[in-house]
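Taken in order, the sequence shown gives residues 2 to 285; the numbers are from the working numbering. Built from N, CA and C at the ideal position, the CB exists for glycine as well. See structure below.
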Amino acid sequence: MAPKTWLVTGASSGLGTAIAEVVLRAGHKVIATARNPTKAAQENPQIEELGGQWLQLDVTSTDTAKTVEDAIRQAGGSIDVVVNNAGYSLLGSIEDMSEAEIQLQFSTNVFGPVRVLKGVLPFMRAQKSGTVVNVGSIAGLDGLPCCAMYAGTKFALEGMSESLSRELKPFGIRVILVEPGLFRTKFLSTFAVPAAGLTQDYIGTPLDESLQAFRNHDGTQKGDPLKGAQRILEVVTQTGMAVGTDDVLRVPLGPDCFNRFQTKCDALQKNLSKMKEIAHSTDY
């Protein structure tokens, strides 16, 4: 297989770093982005050692599309795979979140991928090929207490990816939506909480219990980022365990994700069945 050029956002840590490393080891080219590429390079020397290059990119910037365009041109003018991985989680009560905190969450997790795609898609359309990998979350299918804003961004990415997969198909561009469960990254140690703290009434409720559970699970997550990255590579390249999955949009990663996905599907079917008569009662 000829080497492909990948652009991976949020490659400074966690799953993003793992994807960049696994892809490079497979013989492909990687443009790895980070808000602070100097620090990222120091903490992840293997990326440059394997031939990857760092790009300074803050996906909340309005200059994102142009920065991406320039990087692709400098890399030869073509791009095969873009991985929208940059993101973070804001956890807590909506009541306690400021407008600025909410806007930053959506600017990073939703508008960030849009800005990157605006820089990437013109190249993919011109070459009539390419793969878009949007890294969502099981939270994009099943919103837990304390995750309303984070889940909201990931639900948005789900809907956007569904539409994009249909819109871009005529151009030979595939969309893949990755939905990780809990992987052993910095996710549970670096999530943001509202500066205002937690309203007293929520203490002891499911929201508070979920927050504590996230904190207690840090460092014990069963998901291996390198294994998750390998599965993503295989789905993109249709190799290994992913042979024959070229028609799949959603890629759940982790038994915990799969089980929550199945439970959600069962609940949706139960909901739909209960509402069938009402749904069919509203025509003229």
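| Query | Result |
| --- | --- |
| Check whether chain D comes within 8 Å of P181, counting only Cβ atoms and requiring the distance to be less than that. | The question asks about chain D, but that chain is absent: this structure has only one protein chain. |
| Just mark E159 as buried or exposed, buried being the case when its beta carbon has 16 or more other beta carbons within 10 Å. | buried |
| Have a look at N135, L254 and Q106 and flag the residue whose alpha-carbon is nearest the alpha-carbon of P114. | N135 |
| To which residues does DSSP link K30 through a beta bridge? | T6 |
| Do you know how far the Cα of G245 is from the Cα of V176? | 15 Å |
| Does the count of Cβ pairs from the segment 69-81 and the segment 112-128 closer than 8 Å reach three? | yes |
| Roughly how many angstroms lie between the CA atoms of T238 and Q213, to the nearest whole one? | 39 Å |
| Give me, in chain order, the residues of the same chain whose beta-carbon lies closer than 7 Å to that of L208; leave out the 5 immediate sequence neighbours on both sides. | S94, P146 and C147 |
| Three Cβ pairs or more, each shorter than 8 Å: is that satisfied between the segment 93-107 and the segment 43-57? | no |
| Alpha carbon to alpha carbon, what distance is there between Y285 and M276? | 18 Å |
| Using DSSP bridges, identify the partner residues of A193. | L91 |
| Please determine if the segment 257-267 and the segment 22-29 are in contact, where contact requires at least 3 C-beta pairs separated by less than 8 Å. | no |
| Could you pull out every residue in the same chain whose Cβ sits closer than 8 Å to the Cβ of D247, ignoring the five residues on either side in sequence? | R175 and Q239 |
| Considering only the beta carbon of each residue, do Y151 and L91 sit closer than 8 Å? | yes |
| Following the continuous alpha helix (DSSP H) through R165, name the residue where it begins and the one where it ends. | A quick correction: the sequence has Leu, not Arg, at residue 165. It spans A149 to E168 - the alpha helix (DSSP H) in which L165 sits, taken as one unbroken run. |
| So, at 7 Å on beta carbons, what are the nonlocal neighbours of Q128 in its own chain, with the 5 sequence-adjacent residues on each side left out? | S79 |
| In three-state terms, what does DSSP make of A140? | helix |
| Given this structure, state the Cα-to-Cα distance separating R74 from L105, to the nearest angstrom. | 29 Å |
| When you compare only the Cα positions, how much space is there between K40 and E210? | 35 Å |
| Anyone know if the C-beta pair for G53 and A76 falls short of 8 Å? | no |
| Do N110 and T10 have their C-beta atoms closer together than 8 Å? | no |
| On the premise that G255 lies in contact with G182, defined as a C-beta separation below 8 Å, what is that separation, rounded to the nearest angstrom? | 3 Å |
| With DSSP run on the structure shown, which of helix, strand or coil describes T240? | coil |
| Can you give the Cα-Cα distance for L56 and Y203, rounded to whole angstroms? | 42 Å |
| By Cβ distance below 6 Å, which residues in the same chain neighbour T132 in space, the five residues on each side in sequence not counted? | V82, R175 and V237 |
| Can you tell which of P195, Q201, K228 and V24 has the C-alpha that lies nearest to the C-alpha of K5? | V24 |
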